[in-house]
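Remarks on the structure that follows.
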Amino acid sequence: MGADPRFFPAQGPIALSAIAMAAGLSVDDGERLFTDVASLAEAGPTEIAFLEGRRMLPALRETRAGAVFVSAAAAKDVPAGCLALVTETPQLAYARVAALFHPSPAPVPGIHPTAVVAPDARIGEGTEIGPHAVIGAGAEIGAGCIIGPQAIVGAGCVLGPGSVLRAQASMEHCIAGARVVLAQGARVGNEGFGFITTSTGEHVTVPQVGRVILGDGVEIGANSCVDRGAGGDTVLGPGTRLDNLVQIGHNVKTGRGCVIVAQAGIAGSAELGDFVVIAAQAGLVGHITIGDKARVGAQAGVMNDVPAATDVVGSPAWPARETLRAFAKLRQLAATKRDGTSGGTP
Amino acid sequence: MGADPRFFPAQGPIALSAIAMAAGLSVDDGERLFTDVASLAEAGPTEIAFLEGRRMLPALRETRAGAVFVSAAAAKDVPAGCLALVTETPQLAYARVAALFHPSPAPVPGIHPTAVVAPDARIGEGTEIGPHAVIGAGAEIGAGCIIGPQAIVGAGCVLGPGSVLRAQASMEHCIAGARVVLAQGARVGNEGFGFITTSTGEHVTVPQVGRVILGDGVEIGANSCVDRGAGGDTVLGPGTRLDNLVQIGHNVKTGRGCVIVAQAGIAGSAELGDFVVIAAQAGLVGHITIGDKARVGAQAGVMNDVPAATDVVGSPAWPARETLRAFAKLRQLAATKRDGTSGGTP
Amino acid sequence: MGADPRFFPAQGPIALSAIAMAAGLSVDDGERLFTDVASLAEAGPTEIAFLEGRRMLPALRETRAGAVFVSAAAAKDVPAGCLALVTETPQLAYARVAALFHPSPAPVPGIHPTAVVAPDARIGEGTEIGPHAVIGAGAEIGAGCIIGPQAIVGAGCVLGPGSVLRAQASMEHCIAGARVVLAQGARVGNEGFGFITTSTGEHVTVPQVGRVILGDGVEIGANSCVDRGAGGDTVLGPGTRLDNLVQIGHNVKTGRGCVIVAQAGIAGSAELGDFVVIAAQAGLVGHITIGDKARVGAQAGVMNDVPAATDVVGSPAWPARETLRAFAKLRQLAATKRDGTSGGTP
Chain L
483 MGADPRFFPA
493 QGPIALSAIA
503 MAAGLSVDDG
513 ERLFTDVASL
523 AEAGPTEIAF
533 LEGRRMLPAL
543 RETRAGAVFV
553 SAAAAKDVPA
563 GCLALVTETP
573 QLAYARVAAL
583 FHPSPAPVPG
593 IHPTAVVAPD
603 ARIGEGTEIG
613 PHAVIGAGAE
623 IGAGCIIGPQ
633 AIVGAGCVLG
643 PGSVLRAQAS
653 MEHCIAGARV
663 VLAQGARVGN
673 EGFGFITTST
683 GEHVTVPQVG
693 RVILGDGVEI
703 GANSCVDRGA
713 GGDTVLGPGT
723 RLDNLVQIGH
733 NVKTGRGCVI
743 VAQAGIAGSA
753 ELGDFVVIAA
763 QAGLVGHITI
773 GDKARVGAQA
783 GVMNDVPAAT
793 DVVGSPAWPA
803 RETLRAFAKL
813 RQLAATKRDG
823 TSGGTP
Chain W
483 MGADPRFFPA
493 QGPIALSAIA
503 MAAGLSVDDG
513 ERLFTDVASL
523 AEAGPTEIAF
533 LEGRRMLPAL
543 RETRAGAVFV
553 SAAAAKDVPA
563 GCLALVTETP
573 QLAYARVAAL
583 FHPSPAPVPG
593 IHPTAVVAPD
603 ARIGEGTEIG
613 PHAVIGAGAE
623 IGAGCIIGPQ
633 AIVGAGCVLG
643 PGSVLRAQAS
653 MEHCIAGARV
663 VLAQGARVGN
673 EGFGFITTST
683 GEHVTVPQVG
693 RVILGDGVEI
703 GANSCVDRGA
713 GGDTVLGPGT
723 RLDNLVQIGH
733 NVKTGRGCVI
743 VAQAGIAGSA
753 ELGDFVVIAA
763 QAGLVGHITI
773 GDKARVGAQA
783 GVMNDVPAAT
793 DVVGSPAWPA
803 RETLRAFAKL
813 RQLAATKRDG
823 TSGGTP
Chain B
483 MGADPRFFPA
493 QGPIALSAIA
503 MAAGLSVDDG
513 ERLFTDVASL
523 AEAGPTEIAF
533 LEGRRMLPAL
543 RETRAGAVFV
553 SAAAAKDVPA
563 GCLALVTETP
573 QLAYARVAAL
583 FHPSPAPVPG
593 IHPTAVVAPD
603 ARIGEGTEIG
613 PHAVIGAGAE
623 IGAGCIIGPQ
633 AIVGAGCVLG
643 PGSVLRAQAS
653 MEHCIAGARV
663 VLAQGARVGN
673 EGFGFITTST
683 GEHVTVPQVG
693 RVILGDGVEI
703 GANSCVDRGA
713 GGDTVLGPGT
723 RLDNLVQIGH
733 NVKTGRGCVI
743 VAQAGIAGSA
753 ELGDFVVIAA
763 QAGLVGHITI
773 GDKARVGAQA
783 GVMNDVPAAT
793 DVVGSPAWPA
803 RETLRAFAKL
813 RQLAATKRDG
823 TSGGTP
């Protein structure tokens with residue numbers, strides 16, 4: 483059983499040859515037809531599943547799927563009657579084939595009569611502007627975009643081709659590349675939290691006159707916030723992805739392909755290299771640098787620079803190995819009686 | 483003094499007999515009239531207050547309320563002229579009576595002329611569709627619902643009777659039961675954070691083709707996010723309540739009556755039993771199981787299964803008693819001088 | 483190079499005399515004209531920069547700015563040809579002058595034809611109501627306000643003069659002073675998380691019949707949430723500023739000029755004095771009191787009252803000095819071998 487057709491009608495059926503091509507494989511029986519992807523447990527004889535790792539091996543042995551992407555090591559566990567499609571990256575193959583059956587919805591070109599589009603805005607060919615969307619003066623929207631219901635593209639913004647603003651997303655003071663996605667309620671280009679407090683406690687706003695620059699393929703999750711630069715720009719590098727409810731302060735810069743998981747927050751002017759991973763609910767203070775491929779653990783509180791390819795965890799954050807050792811020590815101490823011996827359940 | 487009548491005009495006056503019935507009590511002077519509920523400090527002679535616990539005992543002794551819900555133990559502290567309504571659950575009695583004076587606003591049936599409703603959407607009897615709301619193709623909305631201003635019900639969604647979407651809430655790819663509430667800006671049915679990263683660092687989206695299933699009486703707070711399943715469903719069981727700014731990842735499942743407090747986050751495929759409580763700003767990693775009636779403390783970071791009826795706190799989370807012991811030990815150590823003796827303020 | 487004129491066209495040019503007046507300085511060559519503010523690195527000969535602290539001293543020595551706000555101590559490092567504007571508060575002077583070149587956008591008076599404004603709402607002179615905004619029955623909006631696209635002012639609300647609701651902000655059950663700002667997607671006046679759980683696990687809503695009171699100059703960040711009182715009011719004192727994604731529970735009260743940074747959360751009925759600072763991702767339990775000028779560190783978890791002018795950090799939060807000592811001790815222990823000696827990289 484594949485996806486609910488009310489929401490996700492599958493394309494197809496699709497021939498195995500096309501499926502194999504998407505997955506980078508070659509097959510014998512290329513004309514065999516498949517109707518959808520599904521999980522090992524739910525797939526039927528015309529559907530395709532996958533196994534990554536070993537956790538789901540029992541499900542593999544009992545699957546009724548017509549075919550399954552597996553590693554060479556797991557191929558022997560594929561049951562009779564199920565076609566083993568052997569690949570080093572089964573989940574990646576699955577993702578690419580799933581996208582054949584369930585491509586992103588194409589834009590339905592045109593401007594909804596309830597949308598408010600500035601006369602001098604430029605809307606690319608084949609772009610869809612949804613109900614109650616608002617497009618500001620001088621905005622430029624590329625070809626093949628979808629501007630969802632009640633989404634906003636502010637005055638002067640540039641949005642590259644193939645981009646999507648989902649329902650109620652807003653973009654202001656922003657220059658965005660191609661294939662950018664803003665999920666529901668994402669806020670891009672807001673005023674940063676910039677003010678000077680006088681000796682009498684009055685907060686005097688520092689005008690925030692920078693922009694947000696989003697590289698090609700940047701995706702921003704639901705209800706996340708990306709503040710514009712105070713002066714100069716906030717920059718998210720190409721392919722960077724933010725999950726939901728993430729906070730990005732003014733003048734933050736990320737490199738390529740960074741991943742920032744739900745509810746993490748990055749304070750002003752922090753700089754991330756390429757392929758940095760910030761796990762959920764982590765926080766970074768401002769004006770620090772995180773090296774390429776560094777990884778910050780969930781709920782970590784990062785107060786200093788992190789070298790490239792380094793994992794840090796904890797609040798305040800330390801290198802992962804030392805932190806785990808410290809926590810083990812603390813656990814051991816907590817189990818120590820007053821006479822110095824240990825006892826009881828630790 | 484009760485609520486500000488500009489926002490909350492009280493029904494009534496209401497006879498004591500009806501009040502007692504709502505609270506599950508019997509009274510003598512059933513025809514006496516009351517005009518509203520209020521706090522012990524603010525209630526006047528036609529208003530009803532309550533005392534739960536002992537913290538507000540001084541306020542009880544000085545209250546000018548006409549009547550007060552109290553436990554048997556506190557009845558002797560009710561001042562002369564104030565009617566003691568004795569019950570084992572004073573605050574619950576108060577809640578039920580407050581709802582007599584301040585029932586949830588009823589829908590004003592009809593579709594606002596600025597709303598955009600798909601021709602094949604089915605709208606139940608007595609349902610209100612507010613200004614600029616958007617109802618997608620094939621959506622089914624039950625009777626007696628309120629769809630607030632600028633709220634969105636996506637194509638194919640099902641929303642049970644008596645449900646409420648407040649201002650700018652959005653629901654997509656979702657099947658919801660009766661009496662469901664989405665607060666302002668809540669996001670349900672967003673694409674989950676699902677992708678595979680290739681060896682060159684490219685993030686390849688895994689199509690997210692599952693749904694969100696909301697049980698009867700589920701309530702979701704302002705600006706909270708509930709991602710749809712990657713394949714299969716994200717499920718919130720009947721009576722589950724989410725506070726504001728909560729994140730629920732794809733394929734999370736909760737049982738009945740769970741409570742998830744503000745800014746908590748639950749990663750993909752975690753499963754909660756019935757009546758689990760997740761306190762504010764706590765985080766759960768994916769693919770773990772939390773047993774019935776377990777409780778997770780504020781800011782806890784849960785990385786492993788939690789058995790039923792167990793309290794855990796801390797990040798990483800431990801059983802509460804051990805964590806508190808560890809923290810006490812650490813505090814003691816911090817107060818230890820280099821020569822091994824302790825001194826100074828701990 | 484100043485700000486991108488697509489988004490932030492500078493006023494001006496502006497004479498040095500006016501600039502000096504805004505900064506509280508006196509100058510000789512008052513007729514000299516300047517065109518914008520910019521950073522030390524980017525400013526050109528008709529632009530003004532500033533130096534605060536010593537970190538950017540190298541940039542000062544190489545700046546091409548026409549003038550620079552500096553402290554007396556740094557004046558000797560201002561390069562030849564650049565005018566040194568000496569002040570004790572260079573960044574504050576910069577902020578005030580930046581606001582000359584980049585004043586907040588003025589309202590464009592009038593009601594957009596797609597806005598839905600209740601017939602009995604009162605709209606002040608010179609106020610702008612944007613596309614698809616919704617103004618409820620009996621609302622009162624002061625003079626010179628901007629109600630952005632798709633923003634909502636609920637029935638009965640009062641909003642003081644010079645206030646701004648940015649795109650998709652919503653305000654309900656709220657009485658707000660002058661110069662209040664709600665950023666994109668901010669939610670004010672939502673129902674608080676108030677319910678009683680019965681012995682069978684049913685959650686019974688306690689009607690939330692209080693309001694939100696916002697003092698003059700309160701600013702609330704993007705996608706932040708401020709719940710209304712359960713009974714009585716939630717109050718944010720004059721000049722209090724909230725960053726993005728902040729959660730304020732029902733009946734919280736703050737004094738004047740508090741600062742609450744991104745993703746922090748304050749539970750119900752907590753009370754903050756004047757000029758309290760709550761750093762990012764910190765959490766406060768309900769019903770506690772935080773004294774004037776106390777400061778709560780990032781990610782702290784505050785479970786008890788905090789005296790005035792006290793800094794606390796950590797979760798659970800302790801006074802800052804003791805917490806740092808405890809962490810140092812833990813780090814030292816983690817580096818201790820089993821035989822009691824220390825060794826290896828700490």
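Chains as they are written, first to last, in the working numbering: chain L, 483 to 828; chain W, 483 to 828; chain B, 483 to 828.
Backbone N, C-alpha and C define an ideal beta-carbon position, used for all residues, glycine too.
Straight-line measurement puts the Cα of Cys656 (chain W) at about 14 Å from the Cα of Gly719 (chain W). In this structure Phe809 (chain B) touches Pro798 (chain L) by the C-beta definition: roughly 7 Å separates them, less than 8 Å. When Cβ pairs closer than 8 Å are counted between the two stretches, the stretch 636 to 653 of chain W is seen to touch the stretch 616 to 628 of chain W, the count reaching three or more. Flagged as an interface residue toward chain W: Phe757 (chain L), by a C-beta distance shorter than 8 Å. For Ile501 (chain L), the enclosing alpha helix (DSSP H) covers residues 498 to 505. Listed along chain B is no residue with a C-beta nearer than 9 Å to that of Glu701 (chain L); the closest approach is about 17 Å.
Within chain W, the residues Val598 have their CB atoms less than 7 Å from the CB of Thr596 (chain L), given in chain order.
Look at the stretch 729 to 748 of chain L: the residues with a C-beta under 8 Å from a C-beta of chain W are Arg738, Gly739, Val741, Val743, Ala744, Gln745. According to the DSSP assignment, Phe532 (chain L) belongs to the beta strand (DSSP E) that extends over 529 to 532. Arg807 (chain L) reaches chain B at Ala816, counting residues in chain order whose Cβ is nearer than 7 Å. In terms of beta-carbon proximity, Arg669 (chain B) lines the interface with chain W, with at least one pair separated by less than 8 Å.
In the structure shown, Ala802 (chain L) adopts helical secondary structure according to DSSP, grouped into three states. CA-CA distance, Cys707 (chain B) to Glu753 (chain B), rounds to 17 Å. Assignment of Arg738 (chain W) by DSSP, reduced to helix, strand and coil, places it in the coil class. Distance between Ala523 (chain B) and Asp559 (chain B), taken at the CA atoms: about 15 Å. Here Ala549 (chain L) carries a strand assignment [DSSP, helix/strand/coil]. Contact between the stretch 662 to 677 of chain L and the stretch 691 to 709 of chain L is present, with at least three C-beta pairs closer than 8 Å.
Around the beta-carbon of Gln729 (chain W), 16 or more other beta-carbon atoms lie within 10 Å, marking it buried. Per DSSP, reduced to three states, the secondary structure at Leu727 (chain W) is coil, with no helix or strand assignment. When 7 Å is used as the limit between beta carbons, Asp486 (chain W) is near these residues of chain B: Arg693, in chain order. When beta bridges are read from the DSSP output, Gly630 (chain L) appears opposite no residue. Within the DSSP bridge table, the entry for His685 (chain L) names L:Thr679 as partners. Counting C-beta pairs with one atom in each stretch, the stretch 709 to 716 of chain L and the stretch 786 to 803 of chain B have fewer than three that are closer than 8 Å, which means they do not touch. DSSP places Leu522 (chain L) outside both helix and strand once states are collapsed to three, so it counts as coil. No Cβ of chain B is located within less than 8 Å of the beta carbon of Gln493 (chain W). With its beta carbon at least 8 Å from every one in chain W, Leu718 (chain B) lies outside the interface.
Secondary structure at Ala816 (chain B): helix, using DSSP grouped into helix, strand and coil. Neighbourhood of Ala665 (chain L) in chain W, by CB distance below 7 Å: Asn672, Glu673, in chain order. Residues of chain L whose Cβ lies closer than 7 Å to the Cβ of Leu533 (chain B) do not exist; the shortest such Cβ separation is about 14 Å.
Here DSSP, grouped into helix, strand and coil, assigns Asp793 (chain L) to strand.
Under the Cβ distance rule, Arg578 (chain L) counts among the residues neighbouring chain W, one pair being separated by less than 8 Å.
Per the coordinates, the alpha-carbon of Ala556 (chain W) lies some 30 Å from the alpha-carbon of Lys775 (chain W). The beta carbons of Leu727 (chain B) and Leu727 (chain L) sit about 6 Å from each other, so the pair counts as a contact at 8 Å. For a Cβ distance threshold of 9 Å, residue set Gly683, Glu684, His685 of chain L lies close to Gly721 (chain B), ordered along the chain. Glu570 (chain W) and Ala562 (chain W) have their C-alpha atoms spaced approximately 21 Å apart. When the beta-carbon positions are compared, Val741 (chain L) and Arg723 (chain L) come within less than 8 Å of each other.
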